[in-house]
Amino acid sequence: MNLQDWGLDPFFEEGYSTYQADRMVKGRVTLEHRHLYRVQVEGGERLASISGKLRHQAVGRDGFPAVGDWVVLREGGDGRAVIDAILPRKSKFTRREAGFHIDEQIVAANVDTVFLVMGLDQDFNLRRLERYLTVAWESGAMPVIVLTKADLCEDPDEKRMQVEQVALGVPVHVVSAFNGEGIDCMKRYLEYGRTVALTGSSGVGKSTLINRLADQELLATGEVRADGRGRHTTTHRELVLLPEGGLLLDTPGMRLLKVWENEGGVDHTFADILTWAEQCKFSDCCHEMEPGCAVQEAIDQGVLDSSRLQNYRKLGRELAYLERKKSSEAMRSEKERWKKLTIQYHKKGWHRR
1 MNLQDWGLDP FFEEGYSTYQ ADRMVKGRVT LEHRHLYRVQ VEGGERLASI SGKLRHQAVG
61 RDGFPAVGDW VVLREGGDGR AVIDAILPRK SKFTRREAGF HIDEQIVAAN VDTVFLVMGL
121 DQDFNLRRLE RYLTVAWESG AMPVIVLTKA DLCEDPDEKR MQVEQVALGV PVHVVSAFNG
181 EGIDCMKRYL EYGRTVALTG SSGVGKSTLI NRLADQELLA TGEVRADGRG RHTTTHRELV
241 LLPEGGLLLD TPGMRLLKVW ENEGGVDHTF ADILTWAEQC KFSDCCHEME PGCAVQEAID
301 QGVLDSSRLQ NYRKLGRELA YLERKKSSEA MRSEKERWKK LTIQYHKKGW HRR
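What follows is the structure, given as structure tokens:
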């Protein structure tokens with residue numbers, strides 16, 4: 001088994017070229033647990049922690065390794081390896097950290113495709129799917145929608161049509177891990193060296209889907225009750241290598257997915273609303289009560305769901321609020337940094353030299 005099996009390609013080789021030195025090796029993070037990392041290196045696995053320098057240089061969570069990252073390691077003094085650097089990322093599926101603290105949480109790094117998994121049971125929610133799509137488009141990975149538990153749905157084709165209307169141009173697959181329906185179609189995304197991350201709410205069957213795709217029990221799964229709802233079993237992010245090639249990154253179910261960036265993900269997800277907005281009579285139309293509003297006309301004609309417009313506005317307000325908070329946090333952090341430098345300056349007596 002070599003690192004090409006784990007997704008190493010010329011992009012990461014180029015990033016590593018500046019670090020090639022004695023006792024320095026490259027590897028990929030496959031598991032994170034309480035600031036310890038399991039890293040796949042050439043010929044095996046290593047348990048690693050991050051160096052003091054990397055910790056000191058980190059500005060927010062983005063500066064720490066995440067599952068899927070390629071990193072540079074060296075031998076440590078306690079038998080563990082030490083991570084000195086994180087190689088440039090190809091992509092990152094990221095969200096705002098839960099709670100009131102304004103920080104980023106990287107759910108998965110360096111993935112080629114992200115499966116947005118949603119159950120065809122009580123989990124089915126188009127507005128939540130729009131939120132996942134927004135984050136997926138921001139990530140740099142290709143989104144694919146996977147509708148699970150087809151065996152529990154009376155009309156899965158109707159649900160698929162509803163999804164296709166809001167997920168413009170995104171592949172949609174209906175599967176059942178119970179009877180194997182649609183599983184073979186999903187395997188075509190798992191080419192050699194390609195990484196696929198699975199995201200979605202708790203109990204939608206992500207771990208069960210991974211086991212089906214791998215044709216073996218790679219991950220623990222919870223019992224499924226009569227109402228189709230499974231227990232939350234995945235408690236950490238883990239990257240697994242499939243026997244026939246391809247890599248799957250399982251993630252814990254997310255009860256809440258808050259957006260973190262706005263580099264076009266909202267516009268991509270709601271491209272239909274933007275297209276109608278271009279036809280409005282006024283360029284600054286708010287799509288409420290203005291005369292000549294093409295968006296409201298689309299709603300009146302039944303072409304656009306009013307709840308989709310409301311969700312578009314909600315995400316826009318959320319991102320605007322986040323940008324204001326980020327600016328405030330940045331100013332506070334810069335103030336703290338200069339405060340620490342001033343204290344060090346006086347402690348070391350540099351001002352007397």
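Each residue of the sequence shown is one higher than the one before, counting from 1 in full-length UniProt numbering. Note that the Cβ used here is the ideal one computed from N, Cα and C, for glycine as well.
Collapsing the DSSP output to three states places Lys-53 in a helix.
If you draw a straight line from the Cα of Phe-270 to the Cα of Glu-104, it is about 23 Å long.
Secondary structure of Glu-238 (DSSP, three-state): strand. Closest in alpha carbon position to Trp-276, among Gln-296, Val-170, Glu-191, Leu-47, is Gln-296. Counting the other Cβ atoms within 10 Å of the Cβ of Cys-293 gives 16 or more, which makes it buried. Excluding five sequence positions before and after Ala-66, the CB atoms of its chain that fall closer than 6 Å to its own CB belong to Ile-106, Ala-109, given in chain order. Annotation: the continuous alpha helix (DSSP H) that includes Asp-300 extends over 294-300. The closest CA to that of Cys-286, considering only His-268, Tyr-312, Glu-318, Asp-121, is found on Tyr-312. Here DSSP, grouped into helix, strand and coil, assigns Thr-199 to strand. A straight-line Cα-Cα distance of about 21 Å links Ala-167 and Ile-183. Just so you know, the alpha carbons of Phe-12 and Ser-91 end up roughly 12 Å apart. The segment 125-201 contains, as complete alpha helix (DSSP H) runs of 4+ residues, the segments 126-139, 156-166, 183-186 (chain order).
Going by DSSP, Phe-93 is part of the beta strand (DSSP E) stretching over 92-96. Apart from sequence neighbours up to five positions away, the residues of its chain that approach Gln-162 with a beta-carbon distance below 7 Å are Leu-126, ordered along the chain. In the structure shown, Gly-63 falls within a helical segment according to DSSP collapsed to helix, strand and coil.
Each residue's CA atom was taken as its position, placing Gly-27 and Leu-73 some 7 Å apart. Beta-bridge pairing by DSSP links Ile-86 to Val-71. In the DSSP assignment, Asp-267 falls within the unbroken alpha helix (DSSP H) covering 265-269. Relative to Asp-78, the option among Asp-121, Glu-288, Thr-199, Arg-46 whose CA is nearest is Arg-46. For Gly-27, the three-state secondary structure derived from DSSP is strand.
By the C-beta criterion, the segment 4-20 is judged not to be in contact with the segment 57-65, since fewer than 3 inter-stretch pairs fall below 8 Å. Gly-43 sits in coil when the DSSP states are folded into three classes, being neither helix nor strand.
Excluding sequence positions up to five before and after Thr-251, its CB lies within less than 6 Å of the CB of Val-107, Thr-199, Arg-237, all in the same chain and listed in chain order.
Distance between Ala-81 and Val-114, taken at the CA atoms: about 30 Å.
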